[in-house]
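The numbering used here runs 904 ahead of the 1-based position in the sequence shown.
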Amino acid sequence: MKTLKNIIFSAIITFLLAFILNYIWLPAWNIRSIGTWLFVIIILLIFAKTSSVLNTFWSINPFKNKKLPKTSMVTFGIITVLVILLAVAGLFSSRLVKSKEYASLLEQNIVDGDIEDYKATIDNVPLLDKNSSLLLANRKLGTLIDVVSQFKIDDSEQITVKGKPIRVSILEYDGFFKWINNKDSGCPGFIKVDMTTQDADLVRVEGGIKYSPSEYFRRDLKRYLRKNFPTLMFEQSTLELDENEHPYWIAPIVSYKIGLFGGRDIIGVVIVDAVTGVVQKYNVGEIPDWLDNVFSSSLIMNQYDDYGKLQNGFWNSIIGQRGVKVTTDGYNYIPQGNDNYIYTGVTSAGKDESNIGFIVANKRTKEVVYYPQSGAEEYSAMSSAEGMVQDLGYQSTFPLLLKIEGQPTYMVALKDAAGLVKMYAMINVEKYQIVAIGDTIKTSQNKYRELLKNSGVEVFESEKFLVKGKIEAIKEATKQGTTYYYIKLENNKKYFSLSIVDNEEIILLQVGDYVELNSEIDEGKTILPAILVK
């Protein structure tokens, strides 16, 4: 009778604690989730301890009763079995045992490319890194009197919308009491930073954002996902915009393809409307084109590292390292079309200061293109750029690999101590002693072109043309701290963009003046960069 009472009361207390712990922890009820195994073990420990405490409490002489009750002993036995099973499953899911399976996770997604076909150019690349974009977003938030006291920004996500690279930062409640004040209307929207123009804007969302990680209780995003999908495992959710700039949360669905806990991969996504909470689930082959960040950058790089290290077995990756290659310690984003790609270098096992190639991976489809290209690794290029402005103390962003003047080229932004972009640098991949620094991208490119020519490197310049005429209209705008003038000539539909840095004389021009401009041939663009000739 005493034993039965002990079991009943221990079970009731354990159930209540398990309910609270499950509400806070939100584990996926999935046998492949280590979190679920740990949850069960913790609950069994609570039951065993509770049973022991109650047994002592109900004893005639509790201070002399040191013996564990049978229920606790049986429970500890079950825990021991579970821990052994967990360890065995972990071993048989590890790279030590399953190296070939790990090496093949990404293999079918990799194709070899030719550097001559590499398309990333200077026209549409992000000129800011994450920290700089967050700085701009927070500065924008500081100018918005109605929201700055109630909300904050902690993170941002890079996406591609209508072919343009942008970063989005959702407004988060600045604490529980701020949530109470604003929960009925929700977060007003998000801040969008254009990665090419460096413009930051608050986009107010009709109806307010009601589902997010900064919500509480039933509208907390993680809790909302777990309520709808109790058995699914998810990657970190990210904010994305459709083509109408409506916000959605993207939660990639995780599965393990090797053993019980190995070979982490994505098998689909759950999309949550951030305003209404409407949920849609898609398998990998059905994912809408407007999504960008299905496969995380770290997952792609980890799978490529497994592919590069484990082709000849686990022990070769540690001892002999024959044929071993790995990604470098960093990456950047390159938009192509309407998709978001990551770029990272590939180096040999020794991780010296040179690369043997680089990969570009689509974050929506996990398609990877490997380009064999020897040259300096990214951190050597960053050091070269920083060395040119050592007296100013500027810090380099992680490089973008572009084709500039027909040459594989690293391009970096140089930031001051406040995180503001002050200059741009271009570093030749094969000859990283060729470094061009400029206050604008155009200035840097012009210097880079001259350095290439002086070094005997063949330069493939864009086709130029000379345009002449009278000025019909002049518009002025400031981008990245630099003033630009947009000139329209009579009988010409194009606008020609000229920066004040490269064309000081433009400040003297007026409507009706005759000018000669040197520009590029591109029938598809309405605005063309130009240099003032006369």
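Positions of the beta carbon are idealized from the N, C-alpha and C atoms, including for glycine.
Extent of the continuous alpha helix (DSSP H) run through F951: Position 47 of the sequence shown, counted from the start, is the residue given in the question as residue 951. Its alpha helix (DSSP H) spans residues I938 to F961.
Where K1229 falls, given that 16 or more other Cβ within 10 Å makes a residue buried: Looking up residue 1229 in the sequence shown gives position 325. It counts as buried.
Best match in L986, F1165 and R1123 for proximity to V1182 [C-alpha to C-alpha]: Against the sequence shown, residue 1182 aligns to sequence position 278. With distances taken between Cα atoms, V1182 lies closest to R1123.
Contact under 8 Å by Cβ, L1009 with D1193: Numbered from 1 along the sequence shown, position 105 holds the residue referred to as residue 1009. Numbered from 1 along the sequence shown, position 289 holds the residue referred to as residue 1193. Against a cut-off of 8 Å, the Cβ pair of D1193 and L1009 comes out as no contact.
S1003 (DSSP reduced to helix, strand or coil): Along the sequence shown, read from residue 1 onward, the residue named residue 1003 stands at position 99. If DSSP states are grouped into helix, strand and coil, S1003 belongs with the helices.
Rounded C-alpha distance that separates S1287 from T1313: By 1-based counting over the sequence shown, the position of residue 1287 is 383. By 1-based counting over the sequence shown, the position of residue 1313 is 409. Between the alpha carbons of S1287 and T1313 lies a distance of about 15 Å.
Span separating the alpha-carbon of K1066 from that of G1093: Working through the sequence shown from its first residue, we reach residue 1066 at position 162. Working through the sequence shown from its first residue, we reach residue 1093 at position 189. Answer to the nearest angstrom: the Cα atoms are 20 Å apart.
Closest Cα partner of Q1207 within the set G1167, V1250, T1430 and N1220: Position 303 of the sequence shown, counted from the first residue, corresponds to residue 1207. It is G1167 whose Cα lies nearest to the Cα of Q1207.
Reduced DSSP secondary structure (H/G/I, E/B, other) of W933: Within the sequence shown, numbered from 1, the residue matching residue 933 stands at position 29. For W933, the three-state secondary structure derived from DSSP is coil.
Per-residue DSSP class, three states only, for R1226: The sequence position of residue 1226 within the sequence shown is 322, counting from 1. In the structure shown, R1226 sits in coil (DSSP, three-state: anything other than H, G, I, E or B).
Strand pairing of M1327, partner residues [DSSP]: Position 423 of the sequence shown, counted from the start, is the residue given in the question as residue 1327. Beta-bridge partners of M1327 (DSSP): L1318.
Collapsed DSSP secondary structure at S1347 in the structure displayed: Indexing the sequence shown from 1 puts residue 1347 at position 443. In the sequence as presented, Ser is not what sits at residue 1347; that position holds Thr. In the three-state scheme derived from DSSP, where H, G and I count as helix and E and B as strand, T1347 is classed as helix.
CA nearest to the CA of L1038, picked from A1024, V1029 and E1061: Sequence index remark: in the sequence shown, residue 1038 carries index 134 (1-based). The shortest Cα separation from L1038 among A1024, V1029 and E1061 belongs to E1061.
Distance CB(M1330)-CB(Q1299) smaller than 8 Å: Taking the sequence shown and counting its residues from 1, one reaches residue 1330 at position 426. Taking the sequence shown and counting its residues from 1, one reaches residue 1299 at position 395. Not in contact: M1330 and Q1299 (Cβ atoms no closer than 8 Å).
Contact check, S1003 vs G1217, beta carbons under 8 Å: As a working mapping, residue 1003 is identified with position 99 in the sequence shown. As a working mapping, residue 1217 is identified with position 313 in the sequence shown. Their beta carbons are under 8 Å apart, which means S1003 touches G1217 by this criterion.
C-alpha distance - P1433 paired with K1307, whole-angstrom precision: In the sequence shown, the residue the question calls residue 1433 occupies position 529. In the sequence shown, the residue the question calls residue 1307 occupies position 403. Cα to Cα, P1433 sits roughly 18 Å from K1307.
Burial state of K1346, where buried means 16 or more other Cβ atoms lie within 10 Å: Position 442 of the sequence shown holds residue 1346. Buried, because 16 or more other Cβ atoms sit within 10 Å of the Cβ of K1346.
Counterpart residues of R1108 in DSSP-defined beta bridges: On the sequence shown, position 204 is the one that residue 1108 refers to. Paired residue(s): G1093.
Range of the contiguous alpha helix (DSSP H) that encloses Q1277: Stepping through the sequence shown from its first residue, residue 1277 is reached at position 373. Per DSSP, Q1277 belongs to no alpha helix (DSSP H); it is in the beta strand (DSSP E), V1272 to A1280.
Alpha carbon of E1290 to alpha carbon of L986, nearest angstrom: Locating residue 1290 in the sequence shown gives position 386, counting from the first residue. Locating residue 986 in the sequence shown gives position 82, counting from the first residue. One C-alpha to the other measures close to 54 Å.
Three-state secondary structure (DSSP) of E1409: Here residue 1409 refers to the residue found at position 505 when the sequence shown is read from its first residue. Residue state, collapsed to three classes: helix.
Proximity winner among V1363, L1106, I1063 and E1409, relative to T1142 (alpha-carbon distances): Counting from 1 along the sequence shown, the entry for residue 1142 is found at position 238. Ranking the options by Cα distance to T1142, first place goes to I1063.
Whole-angstrom distance between P973 and K1161, CA atom to CA atom: Taking the sequence shown and counting its residues from 1, one reaches residue 1161 at position 257. Taking the sequence shown and counting its residues from 1, one reaches residue 973 at position 69. Cα to Cα, the separation comes out at about 41 Å.
Beta-carbon separation (whole angstroms), I1391 vs G1416, contact threshold 8 Å: Against the sequence shown, residue 1391 aligns to sequence position 487. Against the sequence shown, residue 1416 aligns to sequence position 512. Between G1416 and I1391 the Cβ distance is about 12 Å, and since that is not below 8 Å, they are no contact.
Distance CB(T1269)-CB(M1205) smaller than 8 Å: Here residue 1269 refers to the residue found at position 365 when the sequence shown is read from its first residue. Here residue 1205 refers to the residue found at position 301 when the sequence shown is read from its first residue. Cβ distance not < 8 Å, so T1269 and M1205 don't count as in contact.
Beta strand (DSSP E) segment containing R1168, residue limits: Residue numbering aside, residue 1168 sits at position 264 when the sequence shown is read from its first letter. That run of the beta strand (DSSP E) goes G1166 to D1177.
DSSP beta-bridge partners of K1016: Taking the first residue of the sequence shown as 1, we reach residue 1016 at position 112. In the sequence under discussion, the amino acid at residue 1016 is Asp, which differs from the Lys named in the question. Within the DSSP secondary-structure output, D1016 pairs in a beta bridge with Y1274.
Contact check, R936 vs F1081, beta carbons under 8 Å: What you label residue 936 is simply residue 32 of the sequence shown in a count that begins at 1. What you label residue 1081 is simply residue 177 of the sequence shown in a count that begins at 1. Result no, Cβ atoms of R936 and F1081 do not sit closer than 8 Å.
Nonlocal neighbours in the same chain, by C-beta distance under 8 Å from Y1152, ignoring five residues either side: Your numbering for residue 1152 matches position 248 in the sequence shown. Sequence-distant partners of Y1152 (beyond 5 residues in either direction) whose C-beta falls short of 8 Å from its own C-beta, in its chain, are L1143, E1144, L1145, D1146, I1175, V1176, D1177 and A1178.
8 Å Cβ cutoff met for I1095 and I1057: Within the sequence shown, residue 1095 is the residue found at index 191, counting from 1. Within the sequence shown, residue 1057 is the residue found at index 153, counting from 1. Yes, they are a contact pair.
Collapsed DSSP secondary structure at F913 in the structure displayed: Within the sequence shown, the letter at position 9 stands for residue 913. DSSP places F913 in helix when its eight states are reduced to three.
Residue from V1109, L921, I1026 and T1430 with nearest C-alpha to V1328: Reading the sequence shown from its first residue, position 424 is the one you call residue 1328. Before going further, note that residue 1328 is Tyr rather than Val in the sequence given. Of the listed residues, the one whose Cα sits closest to Y1328 is I1026.
From G1254, V1339 and F996, residue whose alpha carbon lies closest to that of I1223: Here the question's residue 1223 lines up with position 319 in the sequence shown. Of G1254, V1339 and F996, the residue nearest in Cα terms is G1254.
Cβ contact check for the stretch 985-999 and the stretch 1231-1249: 3 or more pairs under 8 Å: no
Contact under 8 Å by Cβ, T975 with S1036: For this step, residue 975 is matched to residue 71 along the sequence shown. For this step, residue 1036 is matched to residue 132 along the sequence shown. No, the pair does not count as a contact, with Cβ atoms beyond the cut-off.
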